[in-house]
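Counting along the sequence shown from 1, when you hit position 75 you're at 75 in UniProt numbering, and nothing is skipped either side.
Beta carbons: idealized from backbone N, C-alpha and C, even for Gly.
Heads up, the thing below is written out as C-alpha coordinates.
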Amino acid sequence: MPAHPILIAKLKEVFSDHMKLLPGALADLEDYVVWGKIFIEYLNHLETLNGFMPDTDVDKWVKECECKVAAKYEKAWAQEEQAIAVKAKEEAQITHRKVHEVEKLALLIADKILLDNFEHNSDDD
(Lines of atoms letter the chains of each structure in order from A; the text may use other names.)
(Lines give C-alpha, C1' and ligand atoms only; values in the text may rest on other atoms or scores of the structure.)
Protein backbone atom coordinates (compact mmCIF):
# COMPACT_ATOMS: atom_id res chain seq x y z
CA MET A 1 0.00 0.00 0.00
CA PRO A 2 2.72 2.62 0.74
CA ALA A 3 4.08 2.28 -2.80
CA HIS A 4 0.88 3.38 -4.51
CA PRO A 5 0.76 7.01 -3.28
CA ILE A 6 4.42 7.28 -4.26
CA LEU A 7 3.56 5.93 -7.73
CA ILE A 8 0.75 8.45 -8.11
CA ALA A 9 2.96 11.31 -6.94
CA LYS A 10 5.68 10.27 -9.38
CA LEU A 11 3.20 10.05 -12.28
CA LYS A 12 1.92 13.54 -11.42
CA GLU A 13 5.45 14.89 -11.31
CA VAL A 14 6.46 13.31 -14.62
CA PHE A 15 3.32 14.51 -16.39
CA SER A 16 3.69 18.04 -15.00
CA ASP A 17 7.33 18.12 -16.11
CA HIS A 18 6.29 16.87 -19.55
CA MET A 19 3.78 19.71 -19.88
CA LYS A 20 6.41 22.30 -18.91
CA LEU A 21 8.97 20.97 -21.39
CA LEU A 22 6.75 21.01 -24.46
CA PRO A 23 8.31 22.72 -27.47
CA GLY A 24 6.71 25.79 -29.05
CA ALA A 25 3.87 23.81 -30.58
CA LEU A 26 1.45 22.67 -27.94
CA ALA A 27 0.00 19.18 -28.02
CA ASP A 28 -3.71 18.91 -28.67
CA LEU A 29 -5.94 19.34 -25.65
CA GLU A 30 -7.61 16.08 -26.64
CA ASP A 31 -4.26 14.31 -26.16
CA TYR A 32 -4.20 15.36 -22.52
CA VAL A 33 -7.83 14.38 -22.04
CA VAL A 34 -7.11 10.94 -23.52
CA TRP A 35 -4.00 10.60 -21.36
CA GLY A 36 -6.02 11.56 -18.28
CA LYS A 37 -8.69 8.98 -19.09
CA ILE A 38 -6.06 6.28 -19.59
CA PHE A 39 -4.44 7.31 -16.31
CA ILE A 40 -7.80 7.05 -14.50
CA GLU A 41 -8.44 3.62 -16.07
CA TYR A 42 -5.01 2.50 -14.88
CA LEU A 43 -5.78 3.75 -11.38
CA ASN A 44 -9.14 1.96 -11.46
CA HIS A 45 -7.28 -1.22 -12.44
CA LEU A 46 -4.88 -0.73 -9.53
CA GLU A 47 -7.88 -0.25 -7.25
CA THR A 48 -8.86 -3.86 -7.89
CA LEU A 49 -5.54 -5.01 -6.43
CA ASN A 50 -5.49 -5.92 -2.75
CA GLY A 51 -4.83 -3.06 -0.40
CA PHE A 52 -4.77 -0.27 -2.97
CA MET A 53 -6.44 2.99 -1.97
CA PRO A 54 -6.85 5.40 -4.92
CA ASP A 55 -5.66 8.98 -4.54
CA THR A 56 -8.76 11.18 -4.26
CA ASP A 57 -6.87 14.11 -5.80
CA VAL A 58 -6.41 12.42 -9.18
CA ASP A 59 -9.66 13.70 -10.74
CA LYS A 60 -8.94 17.18 -9.44
CA TRP A 61 -5.38 17.01 -10.76
CA VAL A 62 -6.51 15.88 -14.23
CA LYS A 63 -9.01 18.75 -14.39
CA GLU A 64 -6.30 21.21 -13.32
CA CYS A 65 -4.04 19.91 -16.11
CA GLU A 66 -6.87 20.27 -18.62
CA CYS A 67 -7.45 23.86 -17.46
CA LYS A 68 -3.75 24.70 -17.75
CA VAL A 69 -3.54 23.29 -21.26
CA ALA A 70 -6.75 25.05 -22.29
CA ALA A 71 -5.38 28.33 -20.91
CA LYS A 72 -2.18 27.88 -22.92
CA TYR A 73 -4.21 27.25 -26.08
CA GLU A 74 -6.37 30.31 -25.47
CA LYS A 75 -3.27 32.46 -24.95
CA ALA A 76 -1.59 31.07 -28.09
CA TRP A 77 -4.79 31.62 -30.09
CA ALA A 78 -5.08 35.22 -28.85
CA GLN A 79 -1.44 35.89 -29.76
CA GLU A 80 -1.96 34.41 -33.21
CA GLU A 81 -5.06 36.55 -33.76
CA GLN A 82 -3.14 39.63 -32.63
CA ALA A 83 -0.26 38.83 -35.00
CA ILE A 84 -2.70 38.42 -37.89
CA ALA A 85 -4.30 41.78 -37.09
CA VAL A 86 -0.90 43.51 -36.94
CA LYS A 87 0.13 41.96 -40.26
CA ALA A 88 -3.14 43.04 -41.90
CA LYS A 89 -2.63 46.59 -40.62
CA GLU A 90 0.94 46.67 -41.95
CA GLU A 91 -0.20 45.39 -45.35
CA ALA A 92 -2.93 48.06 -45.47
CA GLN A 93 -0.34 50.75 -44.69
CA ILE A 94 1.98 49.46 -47.41
CA THR A 95 -0.88 49.43 -49.92
CA HIS A 96 -1.84 52.98 -48.92
CA ARG A 97 1.76 54.17 -49.39
CA LYS A 98 1.99 52.53 -52.82
CA VAL A 99 -1.29 54.10 -53.93
CA HIS A 100 -0.08 57.49 -52.70
CA GLU A 101 3.22 57.09 -54.60
CA VAL A 102 1.36 56.14 -57.80
CA GLU A 103 -0.92 59.17 -57.42
CA LYS A 104 2.10 61.45 -56.96
CA LEU A 105 3.79 59.94 -59.99
CA ALA A 106 0.62 60.39 -62.06
CA LEU A 107 0.46 64.07 -61.03
CA LEU A 108 4.13 64.58 -61.93
CA ILE A 109 3.61 62.97 -65.34
CA ALA A 110 0.48 65.07 -65.93
CA ASP A 111 2.38 68.26 -64.98
CA LYS A 112 5.25 67.31 -67.31
CA ILE A 113 2.82 66.67 -70.18
CA LEU A 114 1.11 70.02 -69.57
CA LEU A 115 4.48 71.80 -69.40
CA ASP A 116 5.68 70.09 -72.61
CA ASN A 117 2.43 70.99 -74.38
CA PHE A 118 2.72 74.59 -73.19
CA GLU A 119 6.33 74.85 -74.41
CA HIS A 120 5.44 73.16 -77.70
CA ASN A 121 2.51 75.54 -78.24
CA SER A 122 4.73 78.51 -77.36
CA ASP A 123 7.29 77.44 -79.95
CA ASP A 124 4.58 77.29 -82.63
CA ASP A 125 3.60 80.91 -82.09
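| Item | Value |
| --- | --- |
| What separation, rounded to the nearest whole angstrom, lies between the Cα atoms of VAL14 and LEU7? | 11 Å |
| So, is VAL102 buried or exposed, given that buried needs 16 or more other C-beta atoms within 10 angstroms? | exposed |
| Expressed to the nearest angstrom, what Euclidean distance is found between the alpha-carbon atoms of GLU64 and HIS96? | 48 Å |
| If I'm right that LEU61 touches LYS12 with Cβ under 8 Å, what's the distance once you round it to whole angstroms? | Reading the sequence as shown, one finds Trp at residue 61 and not Leu. Sure, about 6 Å apart at Cβ, within 8 Å. |
| Compare the C-alpha of PHE39 against each of ALA9, ALA88 and GLU80 and name the closest. | ALA9 |
| Taking just the CA atoms, how far does LEU115 sit from LEU107? | 12 Å |
| With a cut-off of 8 Å on the beta carbons, I'd call GLU66 and GLY36 a contact; round off their distance for me. | 7 Å |
| Going straight from the alpha carbon of LYS112 to that of GLU90, what length do you get? | 33 Å |
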